[in-house]
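Chemist: Right, I'll just put the structure down here and ask away after.
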Amino acid sequence: MAGIDVSLKDMMAIDGAVGAVVVDYTSGMALGALGGSKDLDLQVAAAGNTEVIKAKLRTMEALQLKDGIEDILITLGTQYHIIRPLTGRGGKGLFLYLALDRGRANLALARHGLRGIEERLDV
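In UniProt numbering, the protein residues as written are 1 to 123.
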(Lines of atoms letter the chains of each structure in order from A and count residues from 1; the text may use other names and numbers.)
(Lines give C-alpha, C1' and ligand atoms only; values in the text may rest on other atoms or scores of the structure.)
Protein backbone atom coordinates (compact mmCIF):
# COMPACT_ATOMS: atom_id res chain seq x y z
CA MET A 1 0.00 0.00 0.00
CA ALA A 2 1.14 3.52 -0.77
CA GLY A 3 0.39 6.82 0.91
CA ILE A 4 -0.58 10.08 -0.76
CA ASP A 5 3.00 11.34 -1.22
CA VAL A 6 4.16 8.12 -2.92
CA SER A 7 1.02 8.07 -5.08
CA LEU A 8 1.62 11.66 -6.21
CA LYS A 9 5.21 10.79 -7.17
CA ASP A 10 3.93 7.75 -9.09
CA MET A 11 1.39 9.94 -10.88
CA MET A 12 4.11 12.42 -11.87
CA ALA A 13 6.20 9.52 -13.22
CA ILE A 14 3.54 8.87 -15.88
CA ASP A 15 4.81 10.09 -19.27
CA GLY A 16 3.66 13.63 -19.96
CA ALA A 17 2.47 14.39 -16.41
CA VAL A 18 2.49 18.10 -15.53
CA GLY A 19 0.41 18.05 -12.34
CA ALA A 20 -1.10 15.56 -9.91
CA VAL A 21 -3.53 16.01 -7.03
CA VAL A 22 -5.44 13.87 -4.54
CA VAL A 23 -8.68 15.71 -3.80
CA ASP A 24 -11.48 15.43 -1.26
CA TYR A 25 -14.55 16.21 -3.35
CA THR A 26 -16.79 16.77 -0.35
CA SER A 27 -14.78 19.93 0.43
CA GLY A 28 -12.85 20.59 -2.80
CA MET A 29 -9.60 20.62 -0.84
CA ALA A 30 -6.39 19.09 -2.16
CA LEU A 31 -4.97 16.51 0.26
CA GLY A 32 -1.71 16.61 -1.64
CA ALA A 33 -0.38 18.04 -4.89
CA LEU A 34 2.75 17.77 -6.99
CA GLY A 35 3.78 19.62 -10.14
CA GLY A 36 1.74 22.38 -11.68
CA SER A 37 2.99 25.70 -13.01
CA LYS A 38 2.04 29.35 -13.18
CA ASP A 39 -0.46 28.32 -15.87
CA LEU A 40 -1.76 25.28 -13.94
CA ASP A 41 -2.73 26.19 -10.38
CA LEU A 42 -3.43 22.80 -8.81
CA GLN A 43 -5.46 24.24 -5.92
CA VAL A 44 -7.81 25.93 -8.39
CA ALA A 45 -7.93 22.73 -10.46
CA ALA A 46 -8.83 20.69 -7.37
CA ALA A 47 -11.72 22.99 -6.48
CA GLY A 48 -12.97 23.26 -10.07
CA ASN A 49 -12.81 19.54 -10.77
CA THR A 50 -14.74 18.91 -7.57
CA GLU A 51 -17.64 20.70 -9.26
CA VAL A 52 -17.23 18.46 -12.34
CA ILE A 53 -17.50 15.32 -10.17
CA LYS A 54 -20.50 16.65 -8.25
CA ALA A 55 -22.30 17.65 -11.47
CA LYS A 56 -21.77 14.24 -13.01
CA LEU A 57 -22.96 12.45 -9.87
CA ARG A 58 -26.11 14.63 -9.80
CA THR A 59 -26.75 13.88 -13.48
CA MET A 60 -26.30 10.14 -12.96
CA GLU A 61 -28.75 10.28 -10.05
CA ALA A 62 -31.30 12.23 -12.12
CA LEU A 63 -30.97 9.64 -14.88
CA GLN A 64 -31.25 6.87 -12.27
CA LEU A 65 -28.03 5.29 -13.52
CA LYS A 66 -26.92 2.57 -11.14
CA ASP A 67 -23.27 2.73 -12.10
CA GLY A 68 -20.04 4.36 -10.97
CA ILE A 69 -17.65 6.76 -12.63
CA GLU A 70 -14.44 5.04 -13.73
CA ASP A 71 -12.84 8.26 -14.89
CA ILE A 72 -13.65 11.55 -16.56
CA LEU A 73 -11.47 12.75 -19.42
CA ILE A 74 -11.24 16.37 -20.45
CA THR A 75 -9.36 16.91 -23.70
CA LEU A 76 -7.88 20.34 -24.30
CA GLY A 77 -5.82 21.53 -27.24
CA THR A 78 -2.50 20.90 -25.48
CA GLN A 79 -3.45 18.83 -22.42
CA TYR A 80 -5.43 15.87 -21.16
CA HIS A 81 -7.03 16.10 -17.72
CA ILE A 82 -8.06 12.84 -16.07
CA ILE A 83 -10.31 12.75 -13.01
CA ARG A 84 -10.55 9.34 -11.32
CA PRO A 85 -12.79 8.88 -8.27
CA LEU A 86 -11.39 6.42 -5.74
CA THR A 87 -13.47 3.30 -5.15
CA GLY A 88 -11.33 1.35 -2.69
CA ARG A 89 -11.76 1.21 1.04
CA GLY A 90 -11.18 4.56 2.67
CA GLY A 91 -11.22 6.37 -0.67
CA LYS A 92 -14.90 7.33 -0.68
CA GLY A 93 -15.21 11.02 -1.43
CA LEU A 94 -11.71 11.31 -2.94
CA PHE A 95 -10.44 11.51 -6.50
CA LEU A 96 -7.16 11.53 -8.36
CA TYR A 97 -6.57 14.37 -10.80
CA LEU A 98 -3.80 14.14 -13.38
CA ALA A 99 -2.93 16.79 -15.97
CA LEU A 100 -0.90 15.60 -18.94
CA ASP A 101 0.95 17.32 -21.77
CA ARG A 102 -0.94 15.99 -24.78
CA GLY A 103 2.17 15.95 -26.99
CA ARG A 104 4.14 13.73 -24.58
CA ALA A 105 1.44 11.54 -23.07
CA ASN A 106 -0.03 8.19 -24.03
CA LEU A 107 -3.62 8.42 -22.84
CA ALA A 108 -4.23 4.66 -22.63
CA LEU A 109 -1.06 4.10 -20.60
CA ALA A 110 -1.86 7.05 -18.35
CA ARG A 111 -5.33 5.67 -17.58
CA HIS A 112 -3.85 2.24 -16.93
CA GLY A 113 -1.21 3.77 -14.64
CA LEU A 114 -3.82 5.72 -12.67
CA ARG A 115 -5.84 2.54 -12.16
CA GLY A 116 -2.78 0.86 -10.61
CA ILE A 117 -2.03 3.88 -8.42
CA GLU A 118 -5.61 3.90 -7.19
CA GLU A 119 -5.36 0.21 -6.28
CA ARG A 120 -2.20 0.80 -4.23
CA LEU A 121 -3.29 4.03 -2.53
CA ASP A 122 -4.07 3.72 1.17
CA VAL A 123 -5.61 6.88 2.63
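Even for Gly, the Cβ is constructed at its ideal location relative to N, Cα and C. None of the values given here were measured: they were computed from a predicted structure.
Should L86 be counted as a contact of the ligand HEM given a C-beta to heavy atom distance under 7 Å?
Modeler: By its list of ligands, the structure shown contains no ligand whatsoever, and the ligand HEM lies outside what it can speak to.
Chemist: Using the rule of at least 16 other Cβ atoms within 10 Å of the residue's Cβ for burial, across every protein chain shown, is A105 buried or exposed?
Modeler: Counting Cβ neighbours within 10 Å, A105 comes out buried, since at least 16 surround it.
Chemist: From what residue to what residue does the beta strand (DSSP E) around R84 run?
Modeler: Per DSSP, R84 belongs to the beta strand (DSSP E) from Q79 to P85.
Chemist: Which runs of the alpha helix (DSSP H) spanning at least 4 residues fall entirely within the region 16-63, listed in chain order?
Modeler: Whole alpha helix (DSSP H) segments, 4+ residues: 42-62.
Chemist: When burial is assigned at 16 or more other CB atoms within 10 Å of the CB, is T50 buried or exposed?
Modeler: Label assigned to T50: buried.
Chemist: Does the distance from the C-beta atom of I82 to that of D67 stay below 8 Å?
Modeler: Against a cut-off of 8 Å, the Cβ pair of D67 and I82 comes out as no contact.
Chemist: Taking Cβ to Cβ, would you say G32 is nearer than 8 Å to V18?
Modeler: No, these two residues do not count as a Cβ contact at 8 Å.
Chemist: Give the range of the beta strand (DSSP E) segment to which L109 is assigned.
Modeler: Per DSSP, L109 belongs to no beta strand (DSSP E); it is in the alpha helix (DSSP H), L107 to R120.
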